[in-house]
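To start, the structure itself, in structure tokens.
Residue numbers (this note's numbering): 42 to 314.
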């Protein structure tokens with residue numbers, strides 16, 4: 042028996058909306074459920090064990106709401122928890138985020154690639170495997186930008202203060218002749234204009250979200266979840282924080298005026314408030 046596709050997407054905040062946007066562009070008729078765990082924002086400074094527990098609680102909640110596939114639309118959570126999620130829920134297809142180092146390596150002309158991500162992403166097994174695979178081919182330079190995730194959440198991306206913040210984060214990278222910069226956090230595409238201004242037009246910014254959307258479609262079809270072509274899709278948005286903290290960015294970043302639901306954590310489980 043086939044089940045109509047409903048894609049669950051989660052992140053610590055609004056960053057995963059950059060992935061949700063690409064999924065909808067590729068599959069405009071698919072239904073979705075987006076969960077922002079804003080009660081625990083940001084994930085980037087939390088331990089892998091804590092992230093694993095949060096991710097498992099979210100995955101079980103999404104499954105209870107009827108999703109057929111789960112996209113871990115957070116680089117930090119993918120690096121820390123994707124493997125444990127697949128072990129705990131072997132019948133559920135998962136799609137995770139992977140820093141787009143491979144396309145950066147393939148496209149670079151200077152032999153220098155930059156990666157902007159969180160400390161937890163850089164420490165994770167997934168990133169370390171990618172480094173081991175590609176560092177013999179090109180020079181890979183890394184940088185973090187503490188506070189940029191919160192700046193995206195707050196919509197504080199204009200003005201000289203934001204520019205100076207990102208300049209300070211990226212200055213070490215720009216001492217190398219990088220021509221590719223991997224956006225290793227799903228929040229960062231929403232700061233794309235600001236980042237591009239800092240690095241200059243000669244540096245290409247690489248966002249893995251379109252590739253994640255394509256993989257989501259492949260997995261849905263492989264698991265026999267038909268993507269409706271005529272049925273009007275349903276899109277639900279849930280936060281574990283304040284509703285306005287998700288509702289306002291949905292309107293300002295994506296032009297969506299929607300009702301936001303709220304869920305709360307109790308004894309390690311998510312339930313509706």
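Just so it is clear, CB atoms sit at the ideal spot from N, CA and C, and this is done for glycine as well.
Following the DSSP letters along the chain, one finds residue 137 inside the beta strand (DSSP E) bounded by residues 135–137. DSSP places residue 198 outside any beta strand (DSSP E), giving it a letter other than H or E.
Following the DSSP letters along the chain, one finds residue 277 inside the beta strand (DSSP E) bounded by residues 276–280. For residue 126, the enclosing alpha helix (DSSP H) has its first and last residue at 116–129. Ranking 301, 204 and 225 by CA distance to the CA of residue 141 puts 225 first. Taking 3 residues as the shortest admissible run, the region 152–195 contains the following complete beta strand (DSSP E) segments, listed from N- to C-terminal end: 153–157 and 180–184. Unbroken beta strand (DSSP E) runs of no fewer than 3 residues, entirely contained in the region 87–117, are found at 110–113, following chain order.
Closest in C-alpha terms to residue 46, from the list 189, 281, 269 and 303, comes 269.
For residue 305, the enclosing beta strand (DSSP E) starts and ends at 301–307.
DSSP lists 223 as the bridge partner or partners of residue 247. Contact between the region 60–75 and the region 148–168 is absent: fewer than 3 CB-CB pairs across the two stretches fall below 8 Å.
For the pair residue 219 and residue 160, the Cα-to-Cα distance works out to about 20 Å. In the structure shown, residue 273 adopts coil according to DSSP, grouped into three states. Shown here for residue 171: same chain residues with a beta carbon closer than 8 Å to its own, the five before and five after excluded, namely 139, 140, 142 and 143 in chain order.
Taking 8 Å as the upper bound for CB-CB distance, residue 221 and residue 245 are in contact here, some 5 Å apart. Between residue 227 and residue 52 a beta carbon distance of about 6 Å is seen, short of the 8 Å cut, so the two are scored as contacting. Inclusion of residue 303 and residue 284 in the CB contact set at 7 Å is warranted, their separation being smaller than that value. With respect to residue 203, residue 157 sits apart: the two C-beta atoms are not nearer than 7 Å. Between the beta-carbon of residue 136 and that of residue 113 there is about 7 Å, and that keeps the pair under the 8 Å contact cut. DSSP places residue 240 in the uninterrupted alpha helix (DSSP H) bounded by 233–240. The alpha-carbon separation between residue 184 and residue 64 amounts to approximately 28 Å.
For the 7 Å CB-CB criterion, residue 301 and residue 311 do not form a contact.
Pairwise C-beta distances place the region 119–133 in contact with the region 90–104, as three or more of them are shorter than 8 Å.
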